[in-house]
Structures are given as C-alpha cells and as structure tokens.
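> The structure under discussion is supplied below as structure tokens; questions concerning it will follow.
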Amino acid sequence: MTIDQILILGLLVSMLVVFARDWFRVEIVALVGLAIGIVLHLVPFDRAFSGLANPAVITVLEILLIVEVLKTSHLLDGVAAFLSERLKRPHTIMLVLCGVGALLSTVMNNIGAFSLMLPMVFVLSQRHHIPQRLLMMPLSFATLMGGMCTVVGTPPNLVVSEALLNSQINQTGTFRFLDFLPTGLAITIVGLGLLVWWAPRILKSDRQEEEGEEPIGHRMVTEVFCPIAGKESWTVETVEAMIEGQIDSVLRQERRLFPLRAETGLKPDDRLLVEADEGLLKEAFATGTLTPARSSLARSTTGGADQVQAQAAIMPFSILQGSAIANIGEFSEQAIRVIGVATQSPRVEGSLDEFRLSVGDILHLEGQAEAVQDAITNTGLVSVVSSGGLFSARKHTLWTSVIFLCGLLAAAFADVPPEIAYGMVLVCYLVGGMLDMREALKRLNWPIILLLMAMLPLGEAVATTGAAETIAKTIIACLPVANAALITVIMLALAVCITPFVNNATTAVVLVPIAIELAHSADLPPALLLMAVAIGASCDFLTPFGHHNNLLAYALGPYRFREFFLVGWPVTLTTIGVGSAVCLAVWS
Numbered sequence: 053m054t055i056d057q058i059l060i061l062g063l064l065v066s067m068l069v070v071f072a073r074d075w076f077r078v079e080i081v082a083l084v085g086l087a088i089g090i091v092l093h094l095v096p097f098d099r100a101f102s103g104l105a106n107p108a109v110i111t112v113l114e115i116l117l118i119v120e121v122l123k124t125s126h127l128l129d130g131v132a133a134f135l136s137e138r139l140k141r142p143h144t145i146m147l148v149l150c151g152v153g154a155l156l157s158t159v160m161n162n163i164g165a166f167s168l169m170l171p172m173v174f175v176l177s178q179r180h181h182i183p184q185r186l187l188m189m190p191l192s193f194a195t196l197m198g199g200m201c202t203v204v205g206t207p208p209n210l211v212v213s214e215a216l217l218n219s220q221i222n223q224t225g226t227f228r229f230l231d232f233l234p235t236g237l238a239i240t241i242v243g244l245g246l247l248v249w250w251a252p253r254i255l256k257s258d259r260q261e262e263e264g265e266e267p268i269g270h271r272m273v274t275e276v277f278c279p280i281a282g283k284e285s286w287t288v289e290t291v292e293a294m295i296e297g298q299i300d301s302v303l304r305q306e307r308r309l310f311p312l313r314a315e316t317g318l319k320p321d322d323r324l325l326v327e328a329d330e331g332l333l334k335e336a337f338a339t340g341t342l343t344p345a346r347s348s349l350a351r352s353t354t355g356g357a358d359q360v361q362a363q364a365a366i367m368p369f370s371i372l373q374g375s376a377i378a379n380i381g382e383f384s385e386q387a388i389r390v391i392g393v394a395t396q397s398p399r400v401e402g403s404l405d406e407f408r409l410s411v412g413d414i415l416h417l418e419g420q421a422e423a424v425q426d427a428i429t430n431t432g433l434v435s436v437v438s439s440g441g442l443f444s445a446r447k448h449t450l451w452t453s454v455i456f457l458c459g460l461l462a463a464a465f466a467d468v469p470p471e472i473a474y475g476m477v478l479v480c481y482l483v484g485g486m487l488d489m490r491e492a493l494k495r496l497n498w499p500i501i502l503l504l505m506a507m508l509p510l511g512e513a514v515a516t517t518g519a520a521e522t523i524a525k526t527i528i529a530c531l532p533v534a535n536a537a538l539i540t541v542i543m544l545a546l547a548v549c550i551t552p553f554v555n556n557a558t559t560a561v562v563l564v565p566i567a568i569e570l571a572h573s574a575d576l577p578p579a580l581l582l583m584a585v586a587i588g589a590s591c592d593f594l595t596p597f598g599h600h601n602n603l604l605a606y607a608l609g610p611y612r613f614r615e616f617f618l619v620g621w622p623v624t625l626t627t628i629g630v631g632s633a634v635c636l637a638v639w640s
C-alpha cells in the first residue's frame with residue numbers, strides 16, 4: 053500500500069471510531085476530517101467542496117424543506133381520525149401504522165416520515181389504550197424499510213445512485229426512481245409481517261413483571277408546592293413515599309436546602325423539584341394532593357380561557373437540544389411556561405430552569421394557543437398532546453399535497469431527476485406562499501447536509517488513491533470462491549455491521565468505492581454490489597443510536613437498550629437474506 057492509501061484509510065477508520073463513540077457532533081467530525089484530507093493532499097483543492105453541488109446533497113436538502121411544509125399542513129390529521137374510528141385490534145393498528153409510515157418513507161427522508169407519523173401514534177395509543185412502546189419501535193423500523201424502496205427514500209440510495217452514474221465501468225446509467233422497489237418492497241413486506249408477529253412478544257406490557265423488573269415509564273420532572281400546609285411532620289421521605297418517586301431539590305425562600313436527607317422537614321411554601329411516574333403525578337394533581345408550581349391554570353379560579361396546555365417532544369435536530377429551560381428565548385418572549393419535562397435522563401439536579409433537554413424529552417407547555425403553536429414549530433419540536441384545539445388550523449393542505457404528488461410522479465415516471473422534480477415543488481411552494489424559506493432554513497437538519505457534503509470528497513479519495521482497489525483485491529484473494537452470491541452477501545453484511553455505529557450516509561460513502569472496485573475485480577455488475585451497500589446501510593435494527601428514528605423511538609417508547617437487539621435481530625437476518633436474494637435475481 054502507498055502512503056496516501058494508508059493515510060486515507062487511517063483517517064476514515066479514525067473518523068468512524070469518533071462517530072461511534074459520539075464524542076463530538078457528526079458534522080464537526082466530518083468537516084474536520086475533510087480539512088485533514090485537504091491538508092494531507094488526499095482531497096484535491098478543486099474537489100474540496102464538490103459535495104455542495106452533488107445531486108445527492110441537493111436532493112436531501114430539498115426533501116427536508118418539503119417535509120417542513122408538510123408538517124405545517126397537518127397532512128395526516130384526517131388519516132389519524134379515520135384510522136382511529138375504523139381500527140380496533142392492536143395488531144391491526146400496528147400493521148396499518150407501520151404500513152403508512154413505510155409508504156411515507158418511500159417519498160421523503162425517513163426522519164421526516166417518522167416525525168410526521170408521531171402525532172398519529174399518540175392519537176391511536178391514547179384512543180385505544182395501546183402502550184406507545186408497542187408502536188414506536190416498529191414504526192421506526194418500518195420507516196427504515198420503506199426508505200429502501202425508492203431512490204429518494206434515504207440518503208444511502210442517493211449516494212449509490214450518484215456513484216453508479218459516475219462509475220467508469222457502468223454501462224446501465226444511474227438508478228432510476230423505482231429501481232430500488234423490487235428489493236425494498238420485498239424486504240418491507242416480509243419485514244412488516246415479521247415485526248407485527250414478533251415485536252409484541254418482546255414488548256408486551258407484562259414482560260417486566262415476569263422478569264421481576266420495574267415497569268418502564270416516563271419520569272416526569274416538575275416543580276410542586278409542598279402539599280401539607282399547617283403540618284410540620286412531613287419530611288422528604290414521607291413525600292417521596294406519597295408520590296412513589298424522589299425529591300431532587302427543595303427551594304425555601306429562593307434558597308436551596310443542602311444537604312437534603314430523608315428526615316429533612318418540609319414547610320408549606322417549599323418549592324420541590326420532584327421526579328416520579330408521569331401517570332402518578334397527574335393523579336396527584338387531579339386530586340389536589342400536589343399543586344404544580346409553574347401552572348397558572350392550576351392556580352387560577354377565574355380566567356385562563358385563552359390558555360392551553362400542550363406536550364411536545366424534542367426531535368434529534370431541534371434547536372432546543374442541550375439547552376437549559378431558563379435559556380429558551382422563544383418561550384420567555386411569548387410567555388410560555390414549561391410546567392414539567394417527561395424524561396429518561398439519568399440525573400436531575402438544581403431547579404427545573406437548569407434542566408438541560410435531550411432528544412425524546414417531552415415538554416409540558418402552557419401559554420396562549422397561537423404562541424405555543426408558533427414556538428413548537430420554530431424550535432423544531434413535534435406536538436404530542438394539546439388541549440384547546442391547538443393545531444386545528446391547517447395551512448394549504450390540499451395544494452401542498454397536490455404539488456408534492458406532481459413532483460413525485462415526475463420523478464417516478466417521467467425520468468425527471470429527483471433534484472429537478474423536487475426543486476420545482478419547492479419553487480411552487482415559494483410562489484404560492486406555502487414555504488417561509490427563512491424559517492424553514494432555521495429548522496433544517498443541517499448536520500446531515502454538512503455530513504454528506506464533507507464525506508463525499510473523502511469517499512472519492514478512497515477511489516482516487518487506489519485504496520478501494522487494494523481492499524477489493526484483498527477481499528477477492530481471501531475468498532475461497534469468488535462468486536456473485538458470496539460477494540453480495542459480504543458487502544451487505546459489511547454495511548450492516550458498520551451502520552449501527554455510524555450514520556447510514558457515512559456507511560454508504562465509505563463502502564461505495566470499495567463496492568465498485570470489487571465489482572470490477574470480480575467482473576460483476578456494479579449495480580449489484582451498490583444495491584447491496586444501500587440495503588445494508590439502511591439495515592439499522594440492532595441499536596437505538598445508529599439512526600435518529602431509533603434514538604427518538606428509544607426515548608419516546610421508552611425502551612431498554614437490549615430490547616432493540618431482541619426485536620431487531622430477526623429483522624436484520626431477514627433483511628440480509630431477502631435483500632441478497634432479490635438483488636441477485638434482479639441485478640446479477
């Protein structure tokens with residue numbers, strides 16, 4: 053191997069380790085890696101920003117903007133109401149919900165599809181008394197499978213499609229919009245059937261009691277007033293026993309009591325930061341046993357008619373992620389109060405204002421209806437529950453849907469490149485006043501854009517330095533028999549092994565040049581191995597942190613880490629088997 057080959061492979065391996073360890077934000081790691089590649093002359097100066105003009109990056113950007121428009125139109129509200137009335141059995145609800153999620157994911161980014169489906173999950177869960185954990189993980193997996201069906205369904209598909217177009221040994225052109233459908237559809241049909249049969253057996257609600265474990269539930273962190281006016285005998289221990297939770301801090305006359313012991317006495321005006329099961333706290337509020345310290349509705353006997361309460365979840369790229377509640381300017385400017393936070397964070401200290409938000413936390417908000425709606429939209433949250441008809445107004449629902457459908461049909465059946473078709477959709481949205489570009493760009497998922505932009509030149513460097521050719525020849529030399537089936541399974545399995553620890557786009561970028569060189573060395577169609585890479589990169593069913601949908605489902609379910617593996621391993625093996633077989637049948 054040459055020095056350049058050693059350097060590029062060492063750089064990529066180091067980046068993959070940092071990605072997997074989650075020490076820094078993914079876009080920072082990618083940009084620093086690109087900078088190092090430029091300094092080491094692995095990436096030519098004139099190719100440093102080639103990712104900005106790459107159709108894959110442009111298409112992802114366009115899809116994310118379209119999803120922002122579809123969110124404000126509340127496109128699925130009517131679907132949720134219809135399904136809520138028609139569906140009764142949990143297995144049927146799970147199957148239909150996953151089917152709709154998979155269908156949406158075929159025409160947009162799977163993160164966008166998952167976020168659009170979340171309100172429907174909450175409606176069906178509450179209406180039919182189905183635990184959210186029976187729906188969240190299957191829906192996340194369904195959106196990942198649905199994204200395998202079209203070229204725009206997930207970034208890896210766009211990456212391999214562009215790579216096929218630029219391949220020197222390519223004789224078939226690029227992947228067309230529906231070229232992914234045979235493989236993706238087969239995986240989705242088999243996978244959904246397996247999920248509906250298998251997931252309830254792992255996630256059933258009585259499983260914890262059978263194993264002697266504590267039931268899983270969201271802990272709600274909130275501030276309450278001491279409920280025992282006129283009594284001096286109440287202590288931290290007795291109140292914790294009453295709420296079956298714990299008191300994290302006590303503020304008395306704006307001073308924090310320290311140290312806080314079980315026998316510490318409490319006074320009527322003490323402000324307690326408590327964490328307990330969300331359902332138990334709601335019961336305590338309803339009976340008057342506890343009084344919320346931050347809710348004007350709870351303390352008001354007149355007024356409050358213009359006030360609503362809502363719950364909204366922190367999405368993976370919400371601007372509130374990592375923020376302390378006291379520092380959220382959007383809330384303070386519009387007089388929105390955070391009553392509490394439902395969270396799985398392992399450690400809570402100080403006051404509620406000091407609490408730092410993370411993905412999956414659910415904010416309990418209170419304020420004027422229009423202000424709350426604007427704040428949820430502007431900060432990148434997704435509405436979970438609201439009172440007072442918070443999201444009753446719809447914006448351009450019909451036209452946004454019709455315009456998007458026209459762009460979709462043009463890309464699917466008129467051979468219009470997706471970046472052109474979806475670009476025209478955005479132009480129509482702008483002309484029709486349906487898209488506020490300034491606000492949409494604020495809420496855009498910039499990390500994935502910057503990640504793709506930075507990683508694509510590094511992927512090219514794997515090919516231009518000859519590292520991909522060297523790896524391909526090494527793989528061929530190690531195989532007892534270099535046949536198409538074995539090589540396809542190896543490429544698919546290699547992608548499956550990498551993608552749980554890094555994001556799917558990075559997995560595709562790293563493996564694409566190796567797949568092309570391997571196809572050249574083994575005299576195979578490059579489309580065959582590139583399709584295998586795309587499938588494997590999207591096959592993220594084993595951990596909660598490999599894909600943002602899984603991470604959000606993990607927090608909202610909520611689940612234990614091992615439950616992802618228990619539900620996901622048969623889905624993963626099925627995907628490898630079905631995906632390899634269909635790839636060989638269609639592309640060999």
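Start counting the sequence shown at 53; every next residue gets the next number (the numbering used here). Glycine residues also receive a C-beta, built at the ideal position from the N, C-alpha and C atoms.
Can you tell me where the beta strand (DSSP E) with Met-272 in it begins and where it stops?
Your numbering for residue 272 matches position 220 in the sequence shown. Looking at the DSSP string, the run of the beta strand (DSSP E) that includes Met-272 is 271 to 277.
> Using 8 Å as the threshold, is the C-beta distance between Gly-198 and Thr-158 below it?
Translated into the one-based positions of the sequence shown, residue 198 becomes position 146. Translated into the one-based positions of the sequence shown, residue 158 becomes position 106. Taking 8 Å as the Cβ cut-off, Gly-198 and Thr-158 qualify as a contacting pair.
> What does Arg-304 pair with, by DSSP beta-bridge criteria?
Stepping through the sequence shown from its first residue, residue 304 is reached at position 252. DSSP lists Arg-307 as partners of Arg-304.
> Is the segment 100 to 113 touching the segment 488 to 503 in the sense that three or more CB pairs, one from each, lie closer than 8 Å?
Counting Cβ pairs under 8 Å, three or more are found: they touch.
> For the beta strand (DSSP E) holding Asp-405, just list the boundary residues, first then last.
As a working note, residue 405 is residue 353 in the sequence shown. From DSSP, Asp-405 is part of no beta strand (DSSP E); its letter is neither H nor E.
> Out of Glu-615, Val-109 and Pro-234, point me to the one whose CA is closest to Val-670's CA.
Any property of residue 670 remains undetermined from this structure, which presents the chain solely from 53 to 640.
> Counting C-beta neighbours from all protein chains within 10 Å, is the total for Arg-389 16 or more, i.e. buried, or is it exposed?
The count along the sequence shown starts at 1 and reaches residue 389 at position 337. That one is buried.
> How would you write the range of the beta strand (DSSP E) that Ala-394 sits in, first residue to last?
Taking the first residue of the sequence shown as position 1, residue 394 is located at position 342. 389 to 395 is the span of the beta strand (DSSP E), which, as asked, contains Ala-394.
> How about Val-424 and Ala-365: do their beta carbons lie closer than 8 Å?
Mapped onto the sequence shown, residue 424 falls at position 372. Mapped onto the sequence shown, residue 365 falls at position 313. Cβ atoms of Val-424 and Ala-365: not closer than 8 Å.
> Out of curiosity, what's the CA-to-CA distance linking Leu-636 and Leu-176?
Position 584 of the sequence shown, counted from the first residue, corresponds to residue 636. Position 124 of the sequence shown, counted from the first residue, corresponds to residue 176. Distance between the alpha carbons of Leu-636 and Leu-176: 40 Å.
> Does Pro-610 come out as helix, strand or coil in the three-state DSSP assignment?
Here residue 610 corresponds to residue number 558 of the sequence shown, with the count starting at 1. Coil, per DSSP.
> Taking Ala-567 as the reference, give the member of Leu-581, Ala-557 and Asn-556 with the closest Cα.
On the sequence shown, residue 567 is found 515 positions in, with the first residue counted as 1. When each option's Cα is compared against that of Ala-567, the closest is Leu-581.
> Taking one C-beta from the segment 602 to 613 and one from the segment 373 to 380 each time, how about it: are there three or more such pairs within less than 8 Å?
Too few Cβ pairs lie closer than 8 Å, so no.
> According to the neighbour-count rule (16 or more other Cβ atoms, all chains shown, within 10 Å of its Cβ), is His-599 buried or exposed?
As a first step, residue 599 must be located in the sequence shown, where it is residue number 547. The residue is buried, with at least 16 neighbouring Cβ atoms inside 10 Å.
> Anyone know if the C-beta pair for Thr-195 and Ala-165 falls short of 8 Å?
Here residue 195 refers to the residue found at position 143 of the sequence shown. Here residue 165 refers to the residue found at position 113 of the sequence shown. Closer than 8 Å, so yes.
> Kindly give me the distance between the Cβ atoms of Arg-271 and Asp-329, rounded to whole angstroms, as I take these residues to be in contact under 8 Å.
Position 219 of the sequence shown, counted from the start, is the residue given in the question as residue 271. Position 277 of the sequence shown, counted from the start, is the residue given in the question as residue 329. 7 Å between Cβ atoms; contact.
> For Thr-343, name the three-state secondary structure that DSSP assigns.
Mapped onto the sequence shown, residue 343 falls at position 291. Thr-343 falls in the strand class under three-state DSSP.
> What are the uninterrupted segments assigned as alpha helix (DSSP H) that are 4 or more residues long and contained completely in the segment 164 to 252, given in chain order?
For the segment 164 to 252, whole alpha helix (DSSP H) runs of length 4 or above, ordered along the chain, are 185 to 198 and 207 to 218.
> What are the boundary residues of the beta strand (DSSP E) that Ala-466 is part of?
For the purposes of this step, residue 466 is taken as residue 414 along the sequence shown, with counting starting at 1. Taken as a continuous stretch (DSSP letters only), Ala-466 belongs to no beta strand (DSSP E), as it is neither H nor E.
> Please report how far the alpha carbon of Val-121 lies from the alpha carbon of Gly-484, in whole angstroms.
What you label residue 121 is simply residue 69 of the sequence shown in a count that begins at 1. What you label residue 484 is simply residue 432 of the sequence shown in a count that begins at 1. So the two alpha carbons sit approximately 12 Å from each other.
> Trp-639 and Ala-579 - do their beta-carbons sit closer together than 8 Å?
Counting from one through the sequence shown, the residue named residue 579 turns up at place 527. Counting from one through the sequence shown, the residue named residue 639 turns up at place 587. Yes, Cβ-Cβ distance for Ala-579 and Trp-639 is below 8 Å.
> Please report the straight-line C-alpha distance between Thr-558 and Val-360, rounded to a whole angstrom.
One-based indexing of the sequence shown puts residue 558 at position 506. One-based indexing of the sequence shown puts residue 360 at position 308. Rounded to whole angstroms, Thr-558 to Val-360 spans 43 Å at the Cα level.
> Residues in the same chain with beta-carbon distance under 8 Å from Leu-404, minus the five sequence neighbours each way, listed in chain order, please.
As a working mapping, residue 404 is identified with position 352 in the sequence shown. So the list reads Val-273, Thr-274, Glu-275, Leu-325, Arg-346, Ile-377, Val-390, Gly-392 and Val-393, once near-sequence residues are dropped.
> Put Gly-317 into one of helix, strand or coil per three-state DSSP.
Along the sequence shown, one-based indexing puts residue 317 at 265. In the structure shown, Gly-317 sits in a strand (DSSP, three-state: E or B).
> So, for Met-53: in the same chain, excluding its five sequence neighbours on each side, which residues have a beta-carbon less than 7 Å away from its beta-carbon?
Translated into the one-based positions of the sequence shown, residue 53 becomes position 1. The residues are Thr-522.
> Short check: CB of Asn-601 to CB of Asn-162, under 8 Å?
For the purposes of this step, residue 601 is taken as the residue at position 549 of the sequence shown. For the purposes of this step, residue 162 is taken as the residue at position 110 of the sequence shown. Yes, these two residues count as a Cβ contact at 8 Å.
> Could you compute how far the alpha carbon of Thr-235 sits from the alpha carbon of Pro-96?
Within the sequence shown, the letter at position 183 stands for residue 235. Within the sequence shown, the letter at position 44 stands for residue 96. Going from the Cα of Thr-235 to the Cα of Pro-96 covers about 36 Å.
> Compute the distance between the beta-carbons of Thr-517 and Asp-56, then report whether it is under 8 Å.
Start at 1 with the first residue of the sequence shown, and residue 517 comes out as number 465. Start at 1 with the first residue of the sequence shown, and residue 56 comes out as number 4. Yes, these two residues count as a Cβ contact at 8 Å.
> With a threshold of 16 other CB atoms inside 10 Å of the CB of Pro-552, please say whether the residue is buried or exposed.
Reading the sequence shown from its first residue, position 500 is the one you call residue 552. Pro-552 should be labelled buried.
> Grab the span of the alpha helix (DSSP H) containing Arg-495 for me, first residue to last.
Numbered from its first residue, the sequence shown carries residue 495 at position 443. First-last of the alpha helix (DSSP H) with Arg-495: 489 to 495.
> Where does Val-326 sit, in a helix, a strand or coil, going by DSSP?
Within the sequence shown, numbered from 1, the residue matching residue 326 stands at position 274. The answer is strand: DSSP assigns Val-326 an E or B state.
> Considering only the alpha carbon of each residue, which of Met-200, Met-146, Leu-604 and Val-204 lies closest to His-181?
Along the sequence shown, read from residue 1 onward, the residue named residue 181 stands at position 129. Residue Met-146 is the option with its Cα nearest to His-181.
> Which residues share a DSSP beta bridge with Thr-287?
Start at 1 with the first residue of the sequence shown, and residue 287 comes out as number 235. DSSP lists Gly-317 as partners of Thr-287.
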